[in-house]
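Okay, so the sequence shown: first residue is 2 according to my numbering, each after it adds one. Beta carbons are placed, not taken as given, at the ideal position from N, Cα and C, and that holds for glycine. None of these values were measured; they are calculated from a predicted model. Down below is the structure, laid out as structure tokens.
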Amino acid sequence: MDPQPPAAPPTLAAGQPIRWSNWYLTASKLAVGLLIALLIALLWLLRDNEIEEQRSTLIADVLWLEQSLRFHLEGNAQQLQQLALDIAHEEGRSQLFRTRGQHLIKTKAELIQLVWLDATGNSVDGLPTPDLPSAALSIFGGAQTNTALDLANKLGKSVYSQIYREQEQPQFDLYVPIYENRRLRGTLVGVYSLNALIKELVPWWFAEKYQLRVLDSNGEVLASNSHVRADVGTLSYEVPFDPPGDGLLLQVSVYRSAGSIAQTLIATLIVLLAGAVFWSLWAVRGLIARRIEAEQALRAEHAFRKAMEDSLTVGMRARDRSGQITYVNPAFCRMVGFSAEELIGQRSPNCYWAPEEMEKTQRLHDSVMEGRAPSEGFELRFMRKNGERFDALVYEAPLIDADGRHTGWMGSVLDVTERKRAEELARQQQEKLQFTARLVTMGEMASTLAHELNQPLAAIASYNTGCLNKLESGNFTREELIAALGKLGVQAQRAGRIIRQVHDFVRKSEPKRVPCDLAEIIDDSIGFIEPEARKRGIRIVREIQGMRPELMLDQVMLEQVLLNLMRNAIEAMSGIADLPAERRLLTVKLAQRDGQMEIRVIDRGPGIPAETQKKLFTPFFSTKPDGMGMGLNICRSIVEFHHGRLWIEDNPAGGSIFVITLPVRQP
Ligand code: ADP
2 MDPQPPAAPP
12 TLAAGQPIRW
22 SNWYLTASKL
32 AVGLLIALLI
42 ALLWLLRDNE
52 IEEQRSTLIA
62 DVLWLEQSLR
72 FHLEGNAQQL
82 QQLALDIAHE
92 EGRSQLFRTR
102 GQHLIKTKAE
112 LIQLVWLDAT
122 GNSVDGLPTP
132 DLPSAALSIF
142 GGAQTNTALD
152 LANKLGKSVY
162 SQIYREQEQP
172 QFDLYVPIYE
182 NRRLRGTLVG
192 VYSLNALIKE
202 LVPWWFAEKY
212 QLRVLDSNGE
222 VLASNSHVRA
232 DVGTLSYEVP
242 FDPPGDGLLL
252 QVSVYRSAGS
262 IAQTLIATLI
272 VLLAGAVFWS
282 LWAVRGLIAR
292 RIEAEQALRA
302 EHAFRKAMED
312 SLTVGMRARD
322 RSGQITYVNP
332 AFCRMVGFSA
342 EELIGQRSPN
352 CYWAPEEMEK
362 TQRLHDSVME
372 GRAPSEGFEL
382 RFMRKNGERF
392 DALVYEAPLI
402 DADGRHTGWM
412 GSVLDVTERK
422 RAEELARQQQ
432 EKLQFTARLV
442 TMGEMASTLA
452 HELNQPLAAI
462 ASYNTGCLNK
472 LESGNFTREE
482 LIAALGKLGV
492 QAQRAGRIIR
502 QVHDFVRKSE
512 PKRVPCDLAE
522 IIDDSIGFIE
532 PEARKRGIRI
542 VREIQGMRPE
552 LMLDQVMLEQ
562 VLLNLMRNAI
572 EAMSGIADLP
582 AERRLLTVKL
592 AQRDGQMEIR
602 VIDRGPGIPA
612 ETQKKLFTPF
622 FSTKPDGMGM
632 GLNICRSIVE
642 FHHGRLWIED
652 NPAGGSIFVI
662 TLPVRQP
């Protein structure tokens, strides 16, 4: 299993979304830019059109104004010519001049004075005064000549004078010659005020829209309809102001350029909106980048999880709270032989439940769903798709989602068939080994036993001979015979016990735990090994303190443990050639501690180095040339079979202590 987390996501997969988003964003920006350019162009065109339209309107309005001024002045001139004609021919001309003159001045506001000159140019009469404005004369030179008057008289038709200023007011005159029978009789002079003319003849709607200015030939402003100046750069149009002519120009300027406010507002809004769109695109770009980053992290996480899942040998199976399978990993599919599609969505009973264990499986399934699954896991027999059975060890844990809700159960499933088979094999082998070990021990002990049996048998024989001798001699008492026969019986029993023990020891049997007296087991074991110890000059001391604890034990097995420990101790001590007598001591101590019975096998031998202690209980570890190295390993197995413990301690006085603990109340 080697789940390498993907250090960096694959470049191709990572690069594509970024390139895609960059392309998308550039395209959006281009589109927005183009849209804005088109909108501005549209506005520009509209404005151009409007300016063009405004220009045409302006020209039309100016031409209309010029025309109406001309008509008006021509109308005035005709009326003056008619008056001149009437004055020349009719009687009572003075009265006529005054009556018609007053009427004219009253109705024509622009006509501010009417003067009647005789043929020499002297004033005959005038309204309101007979004197011509002094500026009208002075501008014609020092000789008080009046060019326009002369011209009118010479040509015999009406002539306009140049513009002059009288008391800062621009004025001009119209000279109308008076002829009687082809003879010049005088001249009628109409004095016009330019300001009054404009004020009178420019209508209100025109004044609202335009600024009208009258310029002289030098471009100087002579009169204007308003002091409010039109903006620089706005539309304007000029036409010659004729009559009165003489280089005068009518200049008309538009106050407001076409649609300026609305268009500026719209253009500003468009620019602002464009800015906002660009800004939002920028913000979106950031968002997209963050999203892509998150997606990549997710993808990497997913790939990592997938790699982990694929490399797992433990089967994983998720179920929702109703028991429906929601997820299985590849290892689980391999284990049961069904595909994920076949498994996901299934409810109990599942297709991989072994029919013969259906009831047990259903019961365990129900307890898992109720949240009562054993935390240490449980074993079940499952069935592969091909019908093959396998043993599974299942651990169930609650599935909690991102909001902390309990959504179901995640089970990890281990195929323990092989392990169980191996365990069974090991157990059988160990049993065989135990048996072999017992045989070996038996062989080793055979000679000792022969020697040991010799003793009681010899004693029996000698008691028997003694009794026979007494009987034959007839010199005996009844008590003497009873005592001798009693001792004989004890020896026979001892021999019988030795033989029974050997028989029990060698017989291969299943461990059987029955209530036993632990003190008796210790005594029997000591009795069994004592001859050998004695032979090697080693004393065995028992410290049982009168206890007779009754425990559930397999007597033969426990004896085997004690015998093995004692024999090791004896061999260790007898291995040292010059060991002093006080150290040739093997103590077997029984005590009760914390609800446990404790047996200590204490020797005063060489002790065991810490390094060796670690390997002591491993099979086949031996320092003896002919040792099998199985003894301690088997001893530990037997003690553990009795739910006890076996370990080694250093003897502070020198040597080793093997400690066995056995629970008083065994399960
Ligand atoms: P074997 O007796 O066949 O060697 P054991 O498993 O009984 O196998 O013992 C393993 C080894 O532990 C022995 O070879 C010996 O070196 C060591 N050993 C056991 N008991 C003692 C002891 N009381 N003192 C010193 N060494 C011991």
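Pick from the options that is closest to residue i, judged by C-alpha positions
i: E201; options: V337, I179 and I113; result: I113
i: G645; options: K158, T662 and E67; result: T662
i: P356; options: V660, G316, M384 and N634; result: M384
i: S194; options: G34, E473, T188 and Q172; result: Q172
i: R498; options: S474, L454 and L469; result: L454
i: V253; options: Q597, A277 and S57; result: S57
i: Q170; options: V192, D151, G157 and A149; result: V192
i: W206; options: T466, W65, L472 and A403; result: W65
i: I571; options: D416, V542, Q494 and Q456; result: V542
i: G547; options: K590, A573, K625 and A398; result: K590
i: P532; options: I545, Q103, L70 and R568; result: R568
i: D673; options: E551, E239, S526 and L31; result: The requested residue 673 does not occur in the structure, where the chain is confined to residues 2 to 668.
i: E181; options: E92, Q593 and I267; result: E92
i: L394; options: G628, L365 and F642; result: L365
Under the three-state DSSP convention, the category residue i falls into
i: S657; result: strand
i: K590; result: strand
i: I326; result: strand
i: T1; result: This structure cannot settle anything about residue 1, because the visible part of the chain is limited to 2 through 668.
i: Q163; result: coil
i: E181; result: strand
i: A355; result: coil
i: L44; result: helix
i: M598; result: strand
i: S349; result: coil
i: I500; result: helix
i: P375; result: coil
i: L313; result: coil
i: R292; result: helix
i: R666; result: coil
Pair within 8 Å by beta-carbon distance, residue i and residue j
i: E380; j: D367; result: no
i: I164; j: L251; result: no
i: L586; j: R549; result: no
i: N77; j: K109; result: yes
i: L133; j: V116; result: yes
i: I199; j: V215; result: yes
i: Q492; j: I522; result: no
i: G127; j: L150; result: no
i: V414; j: G316; result: yes
i: G656; j: G576; result: no
i: V329; j: K386; result: no
i: V640; j: Q597; result: no
i: A496; j: L458; result: yes
i: F618; j: L633; result: yes
Check: residue i C-beta below 7 Å from any heavy atom of the ligand ADP
i: M558; result: no
i: T624; result: yes
i: G632; result: yes
i: A570; result: yes
i: N565; result: yes
i: M359; result: no
i: L617; result: yes
i: P610; result: no
i: D595; result: no
i: P653; result: no
i: A1; result: The requested residue 1 is not part of the displayed model; the chain covers only 2 to 668.
i: A573; result: yes
i: S657; result: yes
i: D1; result: Any answer about residue 1 is impossible in this case: the structure gives the chain only from 2 up to 668.
i: D604; result: yes
i: P350; result: no
i: G628; result: yes
i: P550; result: no
Opposing strand residues paired with residue i [DSSP bridges]
i: E544; result: K590
i: G412; result: R318 and E397
i: D126; result: W117
i: D174; result: V192
i: W648; result: V660
i: F383; result: W354 and F391
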